[in-house]
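Numbering (our numbering), first residue to last: -16 to 141.
All C-beta atoms in this analysis are idealised placements derived from N, C-alpha and C, irrespective of residue type, glycine included.
Since the structure comes first, as structure tokens, the remarks are kept for the end.
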């Protein structure tokens, strides 16, 4: 969590320092939680929409405006080149309201995205700004029903 809130350059420097301290041996293993290009292509062939999540997973509001634009443009171009489909949707890394700002929204539009999603609760209405859509994040260990129950409980006690 502490690394997550650092700007990209500082975060990468810290990760490199930790790797030097830990001295890992051998090659990094494939994490089966992530898709490779073949897996992403299969989702597209099955009719799923693929969106961008940035190139470096930095909390965008902590980056300067040019870095935000470069990151989002690069990510969208790479996805479109690899998958041969338009990529119009962006999910902000981390996704809290403080994790994206007016510069991020401009960068998302400049990159060609039509909509962007946060990771904060709320309802999408016709008046919802296209670059600030809320969404419900379902944690795999909690499941959909328990997530809904928790949200309702939190609103009742708030």
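Could you tell me which of the options sits nearest to residue i, measuring between CA atoms?
i           : options           : result
residue 34  : 100, 132, 108     : 100
residue 49  : 90, 135, 4, 131   : 90
residue 98  : 62, 88, 45        : 88
residue 119 : 38, 22, 102, -12  : 102
residue 27  : 128, 41, 62, -2   : 62
residue 23  : 113, 64, -14      : 64
residue 121 : 46, 6, 132, -12   : 132
residue -12 : 123, 128, 106, 79 : 79
Would you kindly work out how many angstroms separate the C-alpha atoms of residue i and residue j, rounded to a whole number?
i           : j           : result
residue 2   : residue 110 : 46 angstroms
residue 85  : residue 77  : 16 angstroms
residue 94  : residue 56  : 4 angstroms
residue 44  : residue -4  : 19 angstroms
residue 0   : residue 116 : 36 angstroms
residue 21  : residue 30  : 14 angstroms
residue 38  : residue 54  : 6 angstroms
residue 19  : residue 140 : 42 angstroms
residue 130 : residue 51  : 32 angstroms
residue 25  : residue 17  : 14 angstroms
residue 104 : residue 83  : 15 angstroms
Give the DSSP-derived three-state secondary structure of residue i in the structure shown.
i           : result
residue -14 : coil
residue 116 : strand
residue 40  : coil
residue 74  : strand
residue 102 : coil
Nearer than 7 angstroms: is that true of the beta carbon of residue i relative to any heavy atom of the ligand GTP?
i          : result
residue 65 : Inclusion of the ligand GTP in the displayed structure is not the case, the ligand content being empty and no account of it being possible.
Which residue marks the beginning of the alpha helix (DSSP H) containing residue i, and which one marks its end?
i          : result
residue 66 : 48 to 66
residue 5  : -9 to 5
residue 89 : 85 to 94
residue 26 : 20 to 28
Would you say residue i reaches chain D, if we count a Cβ-Cβ gap shorter than 8 angstroms as a contact?
i           : result
residue 117 : The displayed structure is made up of one protein chain only, and chain D is not part of it.
So, residue i versus residue j, is the Cβ gap smaller than 8 angstroms?
i           : j          : result
residue 74  : residue 36 : yes
residue 32  : residue 72 : yes
residue -15 : residue 41 : no
residue 59  : residue 68 : no
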